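Below you'll find the structure, written out as structure tokens, and then a few comments.
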Amino acid sequence: MGGNNRRDSSDGILDRAGPRKNSATASDKQFAASSYKCLFHTRWRLLAYLQLIVGLVTMAVNMYSHYPLFTCGLFLTDGVDWLWYGTWIGLLNVLCGLMGSLANKRGIDDGWHSWLRRSYFMVNCSLLPFANGIGITAYGITLSLYPLLCNSSLPQRFTVITAFITLCLLVLALLLNVLAVVYQVIATRRCKCWICHPKNHSAAGYIRTT
């Protein structure tokens with residue numbers, strides 16, 4: 001009889017522990033699900049990938065337009081070929097986008113993540129807008145000196161069209177810079193997830209709306 005009481009009491013303990021375990025499991029699942037819904041993490045990754053793609057396309061267009069097979073060995077401007085700037089500016093956009101995509105990886109430690117996050121912000125608000133602005137100015141001035149479509153020289157017409165495409169890509173890259181800076185500043189004040197505060201592991205996926 002005493003054994004039955006012990007069994008009953010132990011069963012009661014197990015019964016009481018069961019709901020606690022189930023509730024803990026449910027909260028863990030909810031916590032894990034919320035960690036994948038961080039808006040800052042998703043949009044950070046999207047902006048970084050867009051910068052990477054725009055930089056690669058800009059480099060490809062400039063290298064394609066400068067290849068002698070398509071330009072017949074001729075360039076639009078005499079002397080220094082300023083249109084090569086688009087290739088290097090595209091490379092800067094690729095490096096910045098790669099830095100941003102690496103900064104949102106959860107596998108890196110806090111030190112590297114903090115460095116990448118701050119470097120991504122500094123490049124986006126200083127070096128990259130300056131480079132994109134120089135490229136937009138140079139391409140805009142060059143295109144203002146030559147007709148876009150009514151051009152009798154085939155190599156020059158080809159170079160002008162590719163320069164116009166590069167100008168549009170650089171404007172898009174500059175807009176991505178501005179969006180990345182503004183969004184990172186706003187999200188740093190409102191977001192409490194891991195991507196914004198790497199040491200705050202307990203608040204992963206939490207977005208403060210107030």
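Here UniProt numbering is used: the sequence shown runs in plain steps of one and ends on residue 210.
Note that the Cβ used here is the ideal one computed from N, Cα and C, for glycine as well.
Predicted model only: the values in this text are computed from it and were never measured.
How far does the alpha helix (DSSP H) with residue i in it reach, from first residue to last?
i	result
W88	85-103
S144	128-144
How close, in whole Å, do the beta carbons of residue i and residue j come, if the pair is a contact with beta carbons under 8 Å?
i	j	result
M59	G90	4 Å
N104	R45	5 Å
G100	A48	3 Å
Would you decide whether residue i is buried or exposed? Buried here means 16 or more other CB atoms lie within 10 Å of its CB.
i	result
W84	exposed
F130	exposed
R118	exposed
M63	exposed
G111	exposed
L145	exposed
T162	buried
V181	buried
G86	buried
T42	exposed
S27	Below a pLDDT of 50, predicted positions are generally treated as unreliable, and S27, at 49, falls in that range; no measurement from the model is reported.
Using beta-carbon positions only, say whether residue i and residue j come within less than 8 Å of one another.
i	j	result
L170	V57	no
G97	L52	yes
T166	V61	yes
L95	L116	no
Nearest by alpha-carbon distance to residue i: which of the options is it?
i	options	result
P147	L95, I141, V160	V160
G55	W112, F158, L175	L175
L172	I141, L50, L92	L50
L179	L102, I134, S119, C125	C125
Y183	L92, Y120, N93	Y120
F164	G140, N132, N177	G140
G133	T188, N93, F40	N93
G135	W88, F158, H113	W88
Can you tell me whether residue i sits near the ligand FMN, meaning its C-beta is under 7 Å from at least one heavy atom of the ligand?
i	result
L56	Among the ligands in the structure shown, none appear at all, so the ligand FMN cannot be discussed.
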